[in-house]
Structure formats: structure tokens, C-alpha cells
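A short worksheet on the structure shown next.
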Amino acid sequence: MSVGHSYNLMDVRRRRIVNVETASGRRFSVREAGAAPFFHANMYRHLQVKQVHDENSMARERRAAELSPDSKEKALSLLGDTADGKYPIYMTGPTLYTLCTVLVDLDEETMTIYKGNPMNRDAVRVFRML
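Residues 1 to 130, numbered by full-length UniProt numbering, are exactly what the sequence shown covers, in order.
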């Protein structure tokens with residue numbers, strides 16, 4: 001059995017974000033985020049491992065590439081996107097659900113947690129990061 005995870009790590013002071021993908025067998029890959037938006041949907045993006053190409057994840061990644069947000073508002077709209085009824089980015093069931101959405105703003109040095117669809121801007125908690 002294999003397990004894996006994707007972690008997004010931030011250094012607010014240095015304005016640095018890295019994505020770390022991990023897999024069983026002590027495998028991992030680190031990718032530094034650049035100026036372009038980086039979207040991750042339950043598939044490895046940069047760790048070279050054998051994996052199932054899940055149509056749900058691939059469809060959500062294609063949709064994210066179409067929307068390519070360049071602002072906080074557009075990022076929240078992307079994360080709340082439901083245009084694809086079969087494979088929405090924001091999922092409401094019957095088997096897959098978006099539990100919450102977290103937005104990290106390096107300019108404001110905040111981390112905001114949204115409940116429900118982030119398009120509605122219903123922030124339940126804002127944390128100062130410094």
C-alpha cells in the first residue's frame with residue numbers, strides 16, 4: 001500500500017512558498033512556487049511516481065489552468081468554481097466534499113479560513129502569520 005500527501009509551506013518574511021509532495025518509501029519532491037498560480041488537485045504534480053490518472057483531478061486542474069487567477073478575489077472564485085457539474089473544483093457531494101478553503105495572503109500576512117463556497121467570502125477565522 002502507498003500513501004502520499006502534498007504540503008504547502010510558507011516563509012512570510014522571505015515571501016517564499018514551496019510545495020512538498022511525499023510518497024511511501026521516503027520519496028519526496030520540493031517545488032518552489034513562482035509568479036504563476038499553482039493548483040494541486042489530488043494527484044502528484046512534480047514527484048515522479050506511478051499513479052492513477054484520475055479524471056476528476058485532471059478535469060479540475062484543466063479548469064484551474066483556464067481561470068488562472070491573478071488576484072485574491074479571482075483565486076477565491078477559482079476555489080469556489082462549480083461550472084463543471086461532474087468535476088467541480090468546489091465539491092459538495094454526494095461522495096466528495098470540500099471541507100474548507102484556506103487562503104494565505106503574503107502581502108497582508110494573514111491566513112483566512114472560509115466555510116462553504118469561498119465565492120461567498122464567508123470567513124470564519126483570520127490568523128495573523130507574524
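Cβ atoms here follow ideal geometry from the backbone N, Cα and C, with glycine treated the same way. It should be emphasised that the depicted structure is a prediction, and the values quoted were computed from it without experimental measurement.
Under a Cβ-count criterion, where at least 16 other Cβ atoms within 10 Å of its own Cβ denotes burial, should G85 be classed as buried or exposed? exposed
Answer with buried or exposed for N8, where buried requires no fewer than 16 other C-beta atoms within 10 angstroms of its C-beta. exposed
Within the UniProt domain "Peptidase C45 hydrolase" (5-119), ranges of the alpha helix (DSSP H) (whole runs, at least 4 residues): 55-67 and 72-79
Taking contact to mean at least 3 C-beta pairs separated by less than 8 Å, is the segment 55-64 in contact with the segment 32-41? yes
Rounding to the nearest angstrom, what Cα-Cα distance links R125 and L103 in this structure? 11 Å
Between the beta-carbon of I17 and the beta-carbon of A35, is there less than 7 Å? no
Under the rule that 16 or more other beta-carbon atoms within 10 Å means buried, what is A75, buried or exposed? buried
Rounded to whole angstroms, what's the CA-CA distance from G116 to T92? Just pull it up for me. 9 Å
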